[in-house]
Structure formats: C-alpha cells, structure tokens
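First up is the structure itself, then whatever we jot down about it.
Residue numbers (my numbering): 1 to 131.
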C-alpha cells in the first residue's frame with residue numbers, strides 16, 4: 001500500500017529524467033494531474049495525457065530535455081510530508097530560487113504555482129518545489 005502518491009509521482013519523474021527516458025507513467029489523482037499541469041505550463045515537462053483503462057487511470061508524462069540531452073529539471077523535491085506539513089502565507093511564497101524555480105501550493109482555490117497564489121493573495125500548504 002502506498003501512503004504518499006505525490007512523493008511517488010515526483011520520484012518517478014526524477015528517476016526517468018536521470019535515466020534520460022522520454023516518457024514515464026504516473027498513477028492518477030486530481031492533485032497529481034494539477035501538479036503535472038503546472039510543470040507543463042512552467043516548461044519543466046513537454047506534455048501529459050490521462051489514459052483510462054477500464055476503471056484505472058494513469059498519467060503519461062513526456063519529459064523535456066535541452067539541446068545537450070540534459071534534463072530541464074535540476075531538482076524536484078517534496079516539501080510537505082505526511083509527518084510534517086508545511087504551510088506558508090502569501091508573502092512567504094512570493095519567489096523561489098530568485099524566480100528560477102517554482103513552488104506548488106495547495107490552496108483553498110486549488111493547486112497553484114507560487115506566483116499565481118501570490119497574485120491571488122492566498123497562501124497554503126507547500127506541496128513540492130522544482131527548478
């Protein structure tokens with residue numbers, strides 16, 4: 001039994017990038033789909049597609065590499081864990097890595113990137129960081 005599906009998904013993306021794979025498959029949840037959508041919007045992943053096989057859904061993620069065959073993702077890390085939740089106010093999530101990175105925040109208005117949450121003036125639980 002898996003206790004943290006978000007950490008599992010981030011690990012699958014990290015491992016696929018280290019092995020220079022083109023595609024990896026994640027288990028589906030609405031939160032995972034929102035996180036992957038943010039990664040695609042920010043340019044860390046090429047694209048994603050939700051596959052449905054009967055009553056089981058998966059997310060097929062296409063990874064992105066630069067001209068030198070190096071992964072665009074330098075680091076992907078889970079911040080808030082089941083044993084230690086991390087919450088931040090709107091002022092604390094303004095920037096990450098001087099604007100080079102992105103925090104994914106679970107807010108009352110859904111899962112958002114840190115810059116979008118700051119624009120809306122809300123804080124929340126910091127799920128993960130990527131740069």
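Every residue, glycine too, gets a C-beta built ideally from N, C-alpha and C.
Predicted model only: the values in this text are computed from it and were never measured.
Beta-carbon gap between residue i and residue j smaller than 7 Å
{"i": "residue 24", "j": "residue 16", "result": "yes"}
{"i": "residue 59", "j": "residue 44", "result": "no"}
{"i": "residue 105", "j": "residue 114", "result": "yes"}
{"i": "residue 122", "j": "residue 107", "result": "yes"}
{"i": "residue 64", "j": "residue 52", "result": "no"}
{"i": "residue 29", "j": "residue 5", "result": "yes"}
{"i": "residue 50", "j": "residue 57", "result": "yes"}
{"i": "residue 128", "j": "residue 73", "result": "no"}
Sheet register partners of residue i (DSSP bridge)
{"i": "residue 113", "result": "104"}
{"i": "residue 94", "result": "Residue 94 pairs with nothing; no bridge assigned."}
{"i": "residue 84", "result": "81"}
Rounded distance between the beta-carbons of residue j and residue i, thought under 8 Å
{"i": "residue 26", "j": "residue 9", "result": "5 Å"}
{"i": "residue 31", "j": "residue 111", "result": "6 Å"}
{"i": "residue 82", "j": "residue 3", "result": "6 Å"}
{"i": "residue 138", "j": "residue 120", "result": "In this structure the chain extends from 1 to 131, so residue 138 is not present and cannot be described."}
Buried versus exposed, by CB contacts within 10 Å (16 or more), residue i
{"i": "residue 117", "result": "buried"}
{"i": "residue 86", "result": "exposed"}
{"i": "residue 54", "result": "exposed"}
{"i": "residue 89", "result": "exposed"}
Beta strand (DSSP E) segments (min. 3 residues) lying fully within the stretch 38-65: Fully enclosed beta strand (DSSP E) runs of no fewer than 3 residues occupy 45-53 and 56-63 of the stretch 38-65, in order along the chain.
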